[in-house]
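Chemist:
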Amino acid sequence: MELASAEAHLSMTEVDLRELVAGQISELEPDIRERRLKVRLRLDPVLVTGNPQLLRQLLSNLLRNAVLHNRDGGTVAVSLTAAGNPVLAIENDGEHIPPEQLQTLAEPFTRLHARTAANGHGLGLSIAQRIAELHTIDLSLSSRPSGGIL
922 MELASAEAHL SMTEVDLREL VAGQISELEP DIRERRLKVR LRLDPVLVTG NPQLLRQLLS
982 NLLRNAVLHN RDGGTVAVSL TAAGNPVLAI ENDGEHIPPE QLQTLAEPFT RLHARTAANG
1042 HGLGLSIAQR IAELHTIDLS LSSRPSGGIL
């Protein structure tokens, strides 16, 4: 597994988060078009020390979830700010998630309505959580009252 291998040989370097976010959005463009999603970006230049491959995987998992677990015609808002500690906020218009179920989504093989499903294995958020821990990043999920996650 890539993550286990990367943990054993974790090399840190300066990483441009804005470039990584923009690259991941670009990779998701076919899904964004197919779902007719609106994407709002506000990306400040942010340099951090981290493992580029793992940070790319973290962003891929979070952004892919924001696209795939959205409603058709919905919005994905991505904000990266550099004031103080860098903050990346990813917001979507998906289904309402009860706050008590929110934190369980970062557990392996857990999905909102089923343990596993044909279009995924329920590992994306647990992998993102582990990568965040390796980089001492606070990864928090918040349920939006109107639906989706922030």
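Each residue of the sequence shown is one higher than the last, beginning at 922 in the numbering used here.
For glycine and all other residues, C-beta sits at the position ideal for the given N, C-alpha and C.
This one's a predicted model, so the numbers in the text were calculated from it and none came from an experiment.
Indicate the three-state DSSP secondary structure (helix, strand or coil) for L1046 in the structure shown.
Modeler: Three-state result, L1046: helix.
Chemist: Please list the segments of the alpha helix (DSSP H) lying wholly inside the segment 983-1026, counting only runs of 4 or more residues, in order along the chain.
Modeler: The qualifying runs are 1020-1023.
Chemist: How close, in whole Å, do the beta carbons of L962 and D937 come, if the pair is a contact with beta carbons under 8 Å?
Modeler: Wrong, their Cβ atoms sit about 15 Å apart, outside the cutoff.
Chemist: If you draw a straight line from the alpha carbon of T996 to that of E935, how long is it in whole angstroms?
Modeler: Using only the alpha carbons, I get a separation of about 31 Å.
Chemist: Grab me the residues of T1002's own chain with a C-beta within less than 7 Å of its C-beta, minus the 5 sequence neighbours each way, in chain order.
Modeler: Around T1002: D965, V1008.
Chemist: Please state the DSSP three-state secondary structure of L931.
Modeler: The answer is coil: DSSP assigns L931 none of H, G, I, E or B.
Chemist: Tell me which residues share the same chain as R977 and place their Cβ nearer than 6 Å to its Cβ, disregarding the 5 neighbours each side in the sequence.
Modeler: Only L941 meet the Cβ criterion.
Chemist: Output the distance between the C-alpha atoms of H1056 and R957, rounded to the nearest integer angstrom.
Modeler: Going from the Cα of H1056 to the Cα of R957 covers about 34 Å.
Chemist: According to DSSP, is A1035 part of a helix, a strand, or is it coil?
Modeler: Its pLDDT being 45, under 50, A1035 is placed unreliably in this model, and the value from its coordinates should be taken loosely. Coil at A1035, not helix or strand.
Chemist: Might you give, ordered along the chain, the residues of its own chain that have their beta carbon closer than 7 Å to the beta carbon of I953, omitting 5 neighbours on each side?
Modeler: Here the set comprises V960, V988.
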